[in-house]
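Quick note, the sequences are listed as chains A and B, same order.
The first sequence begins at 0 in numbering that gives the first Met the number 0 and counts up one residue at a time.
The second sequence begins at 0 in numbering that gives the first Met the number 0 and counts up one residue at a time.
Ideal placement from N, C-alpha and C gives every residue a C-beta, glycine not left out.
Number of protein chains: 2
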Amino acid sequence: MNKRVVLASRPVGPVSESNFRVEEAPVPKPADGEVLVRNLWLSLDPYMRGRISAAKSYAKGVEIDEVMVGQTVGEVLESRHPKLKVGDMVLTQLGWQLYGATGEVMKIDTSRAPASYYLGLIGMPGMTAYFGLKELGQPKPGETVVVSAASGAVGSVVGQLAKLWGCKAIGVAGGPEKCAYVKQELGFDACLDYKAGNLREALKEACPKGVDVYFDNVGGEILDLLLTRMNLFGRIVVCGTISDYDSTDPYKVRNWRAILVNRLRIQGMIVFDWKDRYGEALKALGGYFAEGKLNYRESVVQGLENAPRGLIDLLGGRNFGKQLVKLG
Amino acid sequence: MNKRVVLASRPVGPVSESNFRVEEAPVPKPADGEVLVRNLWLSLDPYMRGRISAAKSYAKGVEIDEVMVGQTVGEVLESRHPKLKVGDMVLTQLGWQLYGATGEVMKIDTSRAPASYYLGLIGMPGMTAYFGLKELGQPKPGETVVVSAASGAVGSVVGQLAKLWGCKAIGVAGGPEKCAYVKQELGFDACLDYKAGNLREALKEACPKGVDVYFDNVGGEILDLLLTRMNLFGRIVVCGTISDYDSTDPYKVRNWRAILVNRLRIQGMIVFDWKDRYGEALKALGGYFAEGKLNYRESVVQGLENAPRGLIDLLGGRNFGKQLVKLG
Numbered sequence: 000m001n002k003r004v005v006l007a008s009r010p011v012g013p014v015s016e017s018n019f020r021v022e023e024a025p026v027p028k029p030a031d032g033e034v035l036v037r038n039l040w041l042s043l044d045p046y047m048r049g050r051i052s053a054a055k056s057y058a059k060g061v062e063i064d065e066v067m068v069g070q071t072v073g074e075v076l077e078s079r080h081p082k083l084k085v086g087d088m089v090l091t092q093l094g095w096q097l098y099g100a101t102g103e104v105m106k107i108d109t110s111r112a113p114a115s116y117y118l119g120l121i122g123m124p125g126m127t128a129y130f131g132l133k134e135l136g137q138p139k140p141g142e143t144v145v146v147s148a149a150s151g152a153v154g155s156v157v158g159q160l161a162k163l164w165g166c167k168a169i170g171v172a173g174g175p176e177k178c179a180y181v182k183q184e185l186g187f188d189a190c191l192d193y194k195a196g197n198l199r200e201a202l203k204e205a206c207p208k209g210v211d212v213y214f215d216n217v218g219g220e221i222l223d224l225l226l227t228r229m230n231l232f233g234r235i236v237v238c239g240t241i242s243d244y245d246s247t248d249p250y251k252v253r254n255w256r257a258i259l260v261n262r263l264r265i266q267g268m269i270v271f272d273w274k275d276r277y278g279e280a281l282k283a284l285g286g287y288f289a290e291g292k293l294n295y296r297e298s299v300v301q302g303l304e305n306a307p308r309g310l311i312d313l314l315g316g317r318n319f320g321k322q323l324v325k326l327g
Numbered sequence: 000m001n002k003r004v005v006l007a008s009r010p011v012g013p014v015s016e017s018n019f020r021v022e023e024a025p026v027p028k029p030a031d032g033e034v035l036v037r038n039l040w041l042s043l044d045p046y047m048r049g050r051i052s053a054a055k056s057y058a059k060g061v062e063i064d065e066v067m068v069g070q071t072v073g074e075v076l077e078s079r080h081p082k083l084k085v086g087d088m089v090l091t092q093l094g095w096q097l098y099g100a101t102g103e104v105m106k107i108d109t110s111r112a113p114a115s116y117y118l119g120l121i122g123m124p125g126m127t128a129y130f131g132l133k134e135l136g137q138p139k140p141g142e143t144v145v146v147s148a149a150s151g152a153v154g155s156v157v158g159q160l161a162k163l164w165g166c167k168a169i170g171v172a173g174g175p176e177k178c179a180y181v182k183q184e185l186g187f188d189a190c191l192d193y194k195a196g197n198l199r200e201a202l203k204e205a206c207p208k209g210v211d212v213y214f215d216n217v218g219g220e221i222l223d224l225l226l227t228r229m230n231l232f233g234r235i236v237v238c239g240t241i242s243d244y245d246s247t248d249p250y251k252v253r254n255w256r257a258i259l260v261n262r263l264r265i266q267g268m269i270v271f272d273w274k275d276r277y278g279e280a281l282k283a284l285g286g287y288f289a290e291g292k293l294n295y296r297e298s299v300v301q302g303l304e305n306a307p308r309g310l311i312d313l314l315g316g317r318n319f320g321k322q323l324v325k326l327g
C-alpha cells in the first residue's frame, strides 16, 4: 500500500497538524513512458505555505483532499520509461507520499553528491540562491551582501556564493546557535541574531559601508529595517516572506520611499523563471561543492506522518539547515 | 534690489505660507566666469517638499534662512562668462529669487520652444518621464502603461510617450476636469478619477489585460492598489510619493508580496542619474514637440511672493499641468 498526506483544510493563521490527513491508497501502476518510484526523501520548503493558502500566489495551490506538493528523490522500482531502469535514482515532484508513478523525472548522479543534496544545495534552493544573487542581486566584488534566514537552504548558499564572488557576507538568523553556525561553519563575515533585539545597531556595526544587496527570505520588519540601510543603487531580491506566511493580515512596509531616495532596484525571485539555465547553476554549484567550497547542513524528520510537524517547525524557524523528511 | 524667498521654518505636516519669508537683498555682482541673470520663470516641483523636510532624501535639503531651491529661466543682464552675452536666455538653478549671479547656466533656444517649456516639457520633468519610462519602465508595444498624477508635468509626458511608443496609456488623476483633459487633450486611452471612489473597479475595466508598467508619482493607496493589478514581470517606476509628503507618518505598503508573486521589478527614478544622456532626451522631446506630437499645459502663478502658495497648491493637487511662477 501507498501512504500519502493530503490537505484536509486550509490554515487560517498558523498551520496546524489538523490541516493534514494521512491516507492509504493502492500503489499506482506506471503508464507507458512512466516509472514507479519509491520516494526516499521529501523536501520541505517555505513555498508550501503559499500553496495551501487561499490567496493567489505564483503557482496553483493544493486543493482540499489533494496530495501535498513537494519535491522528492527516490528509486525507480519499475520502468516503462525509455531512458530509465530499475534502481536509478531520480528527482521528481511526487509530493508527500511513499510511492508515485510519473514521467516527469530527472535522473541524478549519487556518486557526485548524496541523493538528498539534489533537494537542497544542488537543487531548487541552491539554484534559487544562485540565480537570485547572480542575476537579480548582481553583486560586485567588495560589496556588502546581507541575507536573511541565513542558516536555511537558500540563505546558506547565498552567503557562501557572496563570499566566493568577492563580497562581504552578512547573515541574519534567529538565535545564537544558528548565528554561530553561519559564521563559523559557513564562513560568513558576521551573522546577526534578530531575536537579540538590537538588529538596527547590529546592522550598522556589521555593515559600516551600508548594504548593496539584500537577499530577502523573510519580509516583515527585517525587510523594513534593511530598506533603511541600503546604499545608493542597492538591490533587494524578494525571495520569500516567511515572516508573513502565518499572518492573516500582511505586514505593511513603512520604508517604501527608500526605493526612490536611494534608487533601489527590487525584484521578485522564483527559480522556475530560470529553468532554461538550470544546467549552468547545477554545474556551478556541483563544482563548488566538489571543491569543498560549499558547506551545507540538513535537518531531518523521520517518516512521512511527521511531515506536517516538519513543515510547521520550518515555518516557525525551528529547523536548522535544509529541512527534509526521510521516507525510506 | 533683489527679492527672494527663504525657508523660515520646516513644515510639520502640510506646508504653510508661514514656512517661508520674503526678503530683500542687494542684486549680486557676477564674478569672473559668471553672468547676472534676471529670472523670468521659476519652476515649482513636488521634489521641493523633500528639500524642506528634516528627513534625509536624495539631495541636500534647504537650510533655514537659505534661499529656496528651484530651477529658473531668465535673461542675461551682465556677462563675465566667455560664451554668454547680454540678452541670452538661460536655464539656471538660481532658486526663488528675482536676480542671481552664477556660472552654472545652460543657454536655451527660445525659437525652438517658449522659454518656460525648458522648465517642463523639454526640461527636467520631461526628461524624468523620458528616462523613467524608457529605461526603467521598458514598455513594449501593446503593453498597458498606467501613470498617476497624469495631468502633471511628468505624468502628462509619460502617457504621451507611452502612446507614441505603441502602448495603451491609462492615467490616474484627481477630478473630472483633469481626467477629461488627460483623455481628450493628451490622448490617453482613459483617465481614472481617484476621487470618484471606485478606482479598483475602474482600473479593472480600463486595464482588462492587467498593467505592465506603472509609473508612480504619488505612492500611498494608489500604489498599493496598482501592486495588485500588475502583470507577471511588470515594472513599477518609483518617481514620487506626493501623497505622503505632508504626512508625518509614512503610508505603509500592504501588497509587497505582489513583487514576489508576479516577479515585479521596482526601481527608483531620479533624473540626475541620467545626466550623461540629457542631450538624447532633449533631442527626442524637442523633436516630438516640433512635430506636434506632445501636448502640454502650464499653470501659472503671478509674482515671486505667491510662490509659497503655488507650491502649497501643487502639493495639494490643485494645480493643472506644469506649475510655474511668472517673475517678469
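Host alpha helix (DSSP H) of residue i (start-end)
{"i": "A/Ser15", "result": "Segment: none, A/Ser15 is in no alpha helix (DSSP H) and carries neither H nor E."}
{"i": "B/Lys177", "result": "175 to 179"}
{"i": "B/Leu41", "result": "Run containing B/Leu41: none in the alpha helix (DSSP H); it sits in the beta strand (DSSP E), 34 to 42."}
{"i": "A/Thr227", "result": "That residue, A/Thr227, is in no alpha helix (DSSP H); it is neither H nor E in DSSP."}
{"i": "B/Arg50", "result": "46 to 50"}
{"i": "A/Lys162", "result": "154 to 163"}
{"i": "B/Asp64", "result": "Segment: none, B/Asp64 is in no alpha helix (DSSP H) and carries neither H nor E."}
{"i": "A/Asp312", "result": "306 to 314"}
Residue i at chain B interface by Cβ criterion, 8 Å
{"i": "A/Gly218", "result": "yes"}
{"i": "A/Ser42", "result": "no"}
{"i": "A/Leu259", "result": "yes"}
{"i": "A/Gln96", "result": "no"}
{"i": "A/Ile221", "result": "no"}
{"i": "A/Arg199", "result": "no"}
{"i": "A/Thr127", "result": "no"}
{"i": "A/Pro249", "result": "yes"}
{"i": "A/Ile269", "result": "yes"}
{"i": "A/Thr71", "result": "no"}
{"i": "A/Arg37", "result": "no"}
{"i": "A/Asp243", "result": "yes"}
{"i": "A/Arg256", "result": "yes"}
Of the residues the options, the one placed nearest residue i, counting alpha carbons only
{"i": "A/Val145", "options": "A/Val210, A/Ser78, A/Thr227, A/Pro45", "result": "A/Val210"}
{"i": "A/Ile221", "options": "A/Ile241, A/Lys208, A/Ser56", "result": "A/Ile241"}
{"i": "B/Ser56", "options": "A/Leu231, A/Asn1, A/Leu281", "result": "A/Leu231"}
{"i": "A/Gly233", "options": "A/Leu202, A/Arg199, A/Lys139", "result": "A/Lys139"}
{"i": "B/Leu313", "options": "B/Lys208, B/Val181, B/Asp31, B/Ser150", "result": "B/Ser150"}
{"i": "B/Leu90", "options": "B/Val217, B/Ala114, B/Thr227", "result": "B/Ala114"}
{"i": "A/Gln301", "options": "A/Gly122, A/Leu41, A/Ala24", "result": "A/Leu41"}
{"i": "A/Lys162", "options": "A/Lys28, A/Gly102, A/Lys292, A/Val217", "result": "A/Lys292"}
{"i": "A/Ile121", "options": "A/Leu160, A/Tyr98, A/Thr101", "result": "A/Leu160"}
{"i": "B/Val66", "options": "B/Pro81, B/Gly99, B/Arg79, B/Pro29", "result": "B/Gly99"}
{"i": "B/Asp188", "options": "B/Leu225, B/Gly141, B/Thr227", "result": "B/Gly141"}
Beta-carbon gap between residue i and residue j smaller than 8 Å
{"i": "A/Glu74", "j": "A/Arg37", "result": "yes"}
{"i": "A/Val14", "j": "A/Arg50", "result": "no"}
{"i": "A/Met156", "j": "A/Gly125", "result": "Reading off the sequence, residue 156 of chain A comes out as Val, not Met. The answer is yes: Cβ separation under 8 Å."}
{"i": "B/Thr247", "j": "B/Gly12", "result": "yes"}
{"i": "A/Arg264", "j": "B/Gln137", "result": "no"}
{"i": "A/Phe323", "j": "A/Leu303", "result": "The sequence shown places Leu at residue 323 of chain A, not Phe. No, they are not a contact pair."}
{"i": "A/Pro207", "j": "A/Asp192", "result": "no"}
{"i": "A/Val72", "j": "A/Leu43", "result": "no"}
{"i": "A/Lys171", "j": "A/Ser147", "result": "Before going further, note that residue 171 of chain A is Val rather than Lys in the sequence given. Cβ distance < 8 Å, so A/Val171 and A/Ser147 count as in contact."}
Chain C contact for residue i (CB, 8 Å cutoff)
{"i": "A/Asp31", "result": "The chain inventory of the structure shown lacks chain C, comprising the protein chains A and B."}
CB contact check: residue i to chain A, cutoff 8 Å
{"i": "B/Gln137", "result": "no"}
{"i": "B/Ile51", "result": "no"}
{"i": "B/Arg253", "result": "yes"}
{"i": "B/Arg262", "result": "yes"}
{"i": "B/Gln266", "result": "yes"}
Residue i CB to nearest heavy atom of the ligand SAM below 7 Å
{"i": "A/Arg228", "result": "Among the components of this structure there are no ligands whatsoever, and the ligand SAM is therefore not found."}
Whole-Å CB distance - residue i paired with residue j, under 8 Å assumed
{"i": "B/Val4", "j": "B/Ala306", "result": "6 Å"}
{"i": "A/Asp64", "j": "A/Leu132", "result": "Rounded, the Cβ-Cβ distance is 38 Å, inconsistent with contact."}
{"i": "A/Arg9", "j": "A/Gly285", "result": "Contact flag wrong, Cβ pair sits at about 38 Å."}
{"i": "A/Gly320", "j": "A/Ser298", "result": "5 Å"}
{"i": "B/Gly32", "j": "B/Gly102", "result": "5 Å"}
For residue i, the first and last residue of its enclosing beta strand (DSSP E)
{"i": "B/Glu74", "result": "71 to 78"}
{"i": "B/Tyr98", "result": "98 to 101"}
{"i": "A/Glu297", "result": "297 to 301"}
{"i": "A/Val212", "result": "210 to 215"}
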